[in-house]
Amino acid sequence: MELMTAPLIEERPIPKAKSSSGCLKPHIEVENLNLYIQNNHILKNINLAIPDKSITCIIGPSGCGKTTLLRTFNRLHDDSVDVKITGKLFVDCEDIYAKDAEVTHIRKKMGLLAQRPCSLPMSIIDNVVYGPRLHGVRGKRKLYAIARHQLTAVGLWEEVKDRLKSPASKLSIGQQQRLCLARGLAVEPEIILGDEATSALDPISSKTIEELFLSIKDKYTIVLVTHTLRQAKRIADYVAFMYMGELIEFGTADQLFNHPKHKLTREYISGGFS
Amino acid sequence: MLKGRLLKDKIARHYMLSATIFSIFILFLIGGGLLAKSLPIMQEKSLWTLLTTSNWRPFKGDFGFASYILSTLYVTAIAIAIALPLSLLTSIYIIEYASPKILRAFTAVVDLLSGIPPVIYGVWGTLTIVPFISEKLAPHFVEFSTGYSVLAGGIVLAIMIIPLIISILIEVFSAVPKEMREASLSLGATKWQTVKKVVIRKSIPGIVAATVLAISRAFGETIAVLMVCGNFTTLPKSIFDACYPIPALIANNYGEMMSVPRYESALMFAAFLLFFIIVLFNVISRLVLIQIDKRYQS
Amino acid sequence: MKKLEEKIFKFLMISSTVLILSILLYILYVIMKKGLPSLSWDMISKIPSGGFYLGKEGGILNAIMGSLYLIFFSVVISLMVSVPVVMYLNFTLRRRSKLAAFARLTFDVLFGIPSIVYGAFGFTVMIYFGLQASLLGGIIAISLLIIPVMIRSIDEVAILIPNDLVEATKSLGATNYETIKVITRQLLPGISTAVLLSIGRGIGDAATVLFTAGYTDSIPTSLTQPTASLPLAIFFQLSSPVEEVQNRAYAAALVLTIIILTLSFAARYFSRRLSKNKI
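Chains as they are written, first to last, in my numbering: chain A, 85 to 358; chain B, 982 to 1279; chain C, 18 to 296.
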C-alpha cells in the first residue's frame, strides 16, 4: 500500500491505494460543495480531498464553518429543514449527495465523536453494541466479544468490566467520551469524524483521546475539527484551514504550520485572530 | 428609614410564610375534612362492605360502592387505552417527522383546545358520540344500547385528555438532546430506529408522568362523563351498558344528601375515596419516577 | 422488514394526527352549528323571565354575570395567596430548601385533584360556617381549585429568573421584600398568563359550583345570594324536555367556548411576549 504524500494546495488529488472497488479517489473528496442556511451562504465552494489513513485537522476561527463542513461528511444536515447543499461529496468514489444515495450505509462507514459526549440512554455494554445490533449482529457472546474488544481499544475495559450493565450516564465525562469512541469503532467504520471531541474534557482525558487517535490512525481515516492550534500541532498529519466558509489552505502539518502559503493562514497561526 | 424598611420586610415574610403554610395545608384540610365527614358511615359499615358490595339503597341504609368503583375504573381504562396510543403516535410524528411549521400550528391548536371546559365536551358527546354508539356501533355487538354507556364515557374522556397528554409529550420529546439523536444516526440507524431505541427510551420518565396526570384527570372528571354515561347503578357487563362513575354519583345526588341519614356521609366518603386514590397514585408514581431517574439517568 | 415496520408506523402516526385534529375541529364546528342559531343579543343581555324555562323570553345574562363575578373574586383571592407563595419559594427560601421541595410536591398533588373534590370540600366548609349555597360558597370552592393552577403557572416562570439577578439586588442592600418588588415587575407577563389560564380553568368548571353556588334566575347583588353560572346553565338547560330551552343551552355553550378561546389566545400572546423579553 502506497500513499503519495504530495501536498495538496489546489486541486491535485492524493491518489489512494487501489481498493477492491477499484476506487482511485481519496477516501473523502469534496467537490464544489456549497451550503446555504436559509439564504446565508455558509460554505463557499469547498474543494478538498481527505487523505487516507491519517489524521486531518480542520482549523479556523469560530464561525468559519468547520463544524458545518464536517457534518456534511455524514449527511447530518439531512434533518435540518433550512439547509440547502449543492455540489458533490465522494466517499469511496460514491457521491453521497446523489439523488438516490442511501444514507445509513454511508453513516455506518463513519464514526462521529461529538463535542459533548453523548451516551445513549442505556447500559455501557448496550451503548457499545448499539451499532452492531442495528446492523444485524446477534448472539450474546459475539456482542460481548465486540464490546470487550472496543472497550479495550479505547482503554476503558479495565475500568468498566465489572459494571457493563450499569447505565452509561454514570461514567465521568472523560470515560463517556471514550465510550462514545468505542461505540463508534464497534460499527467498524473506515472514517472517524471528531467535532471538537476533546473541548469538553479535562486535560488528562483529552490527552488520552488524542493518544487513542494517534494509535489508531494507521487503520482509520480521521478527520478532526480542532479548537486549538496546539492540538492540531500535536497530532495532525494534514491540516485544512478555513475562514469565513472558504477553504483557504490545505497541506501537511509541517507545510501549513512552518511554511504557510496564504497570508490569512500566517496570521491565524501566529495568533493574529481567533 | 431603615426601621421602616425592615418592618415592611418582616411583615412581608410573615405574610408569605402564612400563605405558603396555608396552601400546603389545603391538601391536608381537604383530606382531613372529607375523612371526618365520612367517618359516620365508615363506623357503621366496614370498609370491606363499602368497597365490595354493590347494593345501593340509601333509603334502606345500604351503601355498596362496588358498581361505582368499577364504573370509574372501566371508563378510565377505556379512556387511557384510546388516548395514550393516539397521543404517543401523534406526538412522535409532530416532533420527529413534521416540519417546524406544522409543529407550531399543531401546538397552537392543542393549546387552545386543552382549555375547553368539560361541559362542552359533554354537550358534544351527547350530540355526536351517544347517537353514534346507539345507532351505528352497538347494533353490531349487542341487542340494544341507548348510547349512554361506558364506551361513550371512555371516548369523551379520551378526547378530553388527549390535548393534555400531547402537550406534555411534545415538551418531553423536544427535551431529548439533538446530539443523542445524531449519535444514533451517525451509527447508521434509520430515523425510526432512532425514535424507537433512543428518543422513546430517554423519554420514559416523561411518558410515565404524562400518563399519571392523564389518569388522574380521567378518574376525577365529573361533568363530561356524567352527561354521557347513563347514570345507571349497575355492574356494567359490556362497554355498551350504562354505568355510573363515582364523580357522577356525587354530583347527581348532592341535592338529596340531607334527606337520608348517612347519605351525606356516604357521598363524602365517595369524595374522600377519589381524593385518596388520586393522591396515593400521584405520590406513588412520583416515587417510581425518582427510582427510574436514579437507575437510568445520571 | 425494517422498512415495512417504519412505513406502517408512519401511516399510523399520520392517521392519528389527522384523526385528532379533525375531532377537535369537529367539536368546535358542532358547538358553533348548534349554538349560533340561538345566539342573539337578547340571549346575552337579558336574564330569564318567568316562562324562560318553558321556552319564553329571556337570556342567560344571569349565568354570564354570575360566572364573571365568581371568577373575578376567585382570581383576586387566588392571587393574594399564589403570588406570595411563589415569591417565598423562589426568592426567600434557599433553592434547595426542603420546605420548598415539600411545598411543590403538595401543589403538584393539589393540581391533580379533581374539581368535584374541591366542590365537595367547599360544601363542607360552607356547612361548617353555616353558609347557604351562594356566590361566596362558589368563590371559596373556585379559589381553592385555581390556587394550585396559579402557583404552578407562576412558579414555572419564576424559576427561570437567574439567581444572579436576585443576588445582585440583594447585594445592593435591598431587603428581601424590596428585592421581590423588583422581581414582581419582571414577572408581570408571567402572572398575567397564569391569571388567564386560571380563569380558563375556573370559569368553565361545573363540579366546583354545583354544590356551592346554587342556581338562580337573577343576578346576585350580595355575596350571600346564590348565583347562576355558565357551566350549570348549560347543564341544566340541556336536560330540559323543551327544545327551545335546549337550544339555549347550546347558545350558552357557544358563549362559554368563545370566552375560553379568547382567553387562550390572549394567554398565548402574552407568553410569546414574555419569552421575547427574556433576559
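Using N, Cα and C, we set each Cβ at its ideal position, and we do this for glycine too. Values in this document were obtained by computation on a predicted structure and should not be read as measured data.
Check the C-beta distance from residue i over to residue j and give it rounded, since I have them as a contact under 8 angstroms.
i              : j              : result
residue 144/A  : residue 150/A  : 5 angstroms
residue 53/C   : residue 1093/B : Incorrect: roughly 19 angstroms between the Cβ atoms, too far for contact.
residue 1141/B : residue 1102/B : 5 angstroms
residue 195/A  : residue 257/A  : Not a contact, Cβ separation roughly 19 angstroms.
residue 234/A  : residue 284/A  : That pair is no contact at about 21 angstroms.
Output the boundary residues of the alpha helix (DSSP H) element that contains residue i.
i              : result
residue 264/A  : 257-270
residue 1102/B : 1099-1105
residue 1201/B : 1181-1201
residue 1175/B : 1172-1175
residue 227/A  : 224-237
residue 220/A  : That residue, residue 220/A, is in no alpha helix (DSSP H); it is neither H nor E in DSSP.
residue 1096/B : It is not in any alpha helix (DSSP H) - residue 1096/B carries neither H nor E in the DSSP assignment.
Residue i lies in the beta strand (DSSP E); which residues open and close that run?
i             : result
residue 279/A : 275-279
residue 198/C : Looking at the DSSP string, residue 198/C is not in any beta strand (DSSP E); the run it does join, the alpha helix (DSSP H), is 193-220.
residue 323/A : 322-327
residue 333/A : 330-336
residue 174/A : 167-175
residue 133/A : 124-134
residue 143/A : 139-143
residue 309/A : 305-309
Taking 8 angstroms as the limit between beta carbons, can you name the residues of its chain near residue i, skipping five residues before and five after?
i             : result
residue 62/C  : 76 and 78
residue 162/A : 187
residue 118/A : 125, 127, 128, 129, 130, 169, 170 and 171
residue 206/A : 214, 251 and 252
Using a C-beta to C-beta distance shorter than 9 angstroms, which residues of chain C count as neighbours of residue i?
i              : result
residue 1217/B : Within 9 angstroms Cβ-Cβ: nothing; residue 1217/B doesn't reach chain C, min ~21 angstroms.
Below 8 angstroms on C-beta distance, what does residue i contact in chain C?
i              : result
residue 1186/B : Result: empty, since nearest Cβ-Cβ is about 15 angstroms, beyond 8 angstroms.
residue 987/B  : 192
residue 997/B  : 101, 102, 104, 105 and 109
residue 1015/B : 134, 137, 138 and 141
Please state whether DSSP places residue i in a helix, a strand or coil.
i              : result
residue 246/A  : helix
residue 104/C  : helix
residue 982/B  : coil
residue 116/A  : strand
residue 102/A  : Because residue 102/A sits at a pLDDT of 42, beneath the cut-off of 50, its placement in the model cannot be relied upon, and the following sentence gives the value as read from the coordinates. In this structure, residue 102/A counts as coil in the three-state DSSP scheme.
residue 42/C   : helix
residue 1040/B : coil
residue 1153/B : helix
residue 152/C  : helix
residue 207/A  : strand
Among the residues of its own chain, which have a CB less than 7 angstroms from the CB of residue i, if the five just before and after it don't count?
i              : result
residue 232/A  : 241
residue 313/A  : 143 and 353
residue 50/C   : none
residue 122/A  : 166
residue 1219/B : 1123
residue 348/A  : 327 and 332
residue 216/C  : 88, 92 and 280
residue 270/C  : 48, 52 and 251
What residues from chain A crowd round residue i, counting only those whose CB sits closer than 9 angstroms?
i              : result
residue 1158/B : 200 and 202
residue 1182/B : 204, 205 and 206
Whose Cβ in chain A lies nearer than 8 angstroms to the Cβ of residue i?
i              : result
residue 1174/B : 218
residue 1080/B : 165
residue 1179/B : 204 and 205
Can you pull the chain B residues whose beta carbon is under 9 angstroms from the beta carbon of residue i, in chain order?
i             : result
residue 212/A : Here the premise fails: no neighbours, minimum Cβ distance about 11 angstroms.
residue 264/A : 1164
residue 160/A : 1163, 1166 and 1167
Which same chain residues end up closer than 6 angstroms to residue i when comparing Cβ atoms and leaving out the 5 residues on each side of it in sequence?
i              : result
residue 1119/B : 1126 and 1221
residue 1198/B : 1142
residue 135/C  : 158, 161, 162 and 225
residue 232/C  : 245 and 249
residue 264/C  : 55
residue 1247/B : 1022 and 1044
residue 309/A  : 142, 150, 151, 154, 279 and 280
residue 1075/B : 1084 and 1087
If the cut is a Cβ gap below 8 angstroms, which residues of chain B does residue i touch?
i             : result
residue 188/A : 1169, 1170 and 1171
residue 271/A : 1168 and 1169
Which residues of chain B have a Cβ atom closer than 7 angstroms to the Cβ of residue i, listed in chain order?
i             : result
residue 278/A : Within chain B, no residue comes near residue 278/A; the closest Cβ sits about 12 angstroms away, beyond 7 angstroms.
Identify each residue in the segment 1237-1249 of chain B for which the Cβ-Cβ distance to at least one residue of chain E is less than 7 angstroms, and report them in chain order. Of the protein chains in this structure, namely A, B and C, none is chain E.
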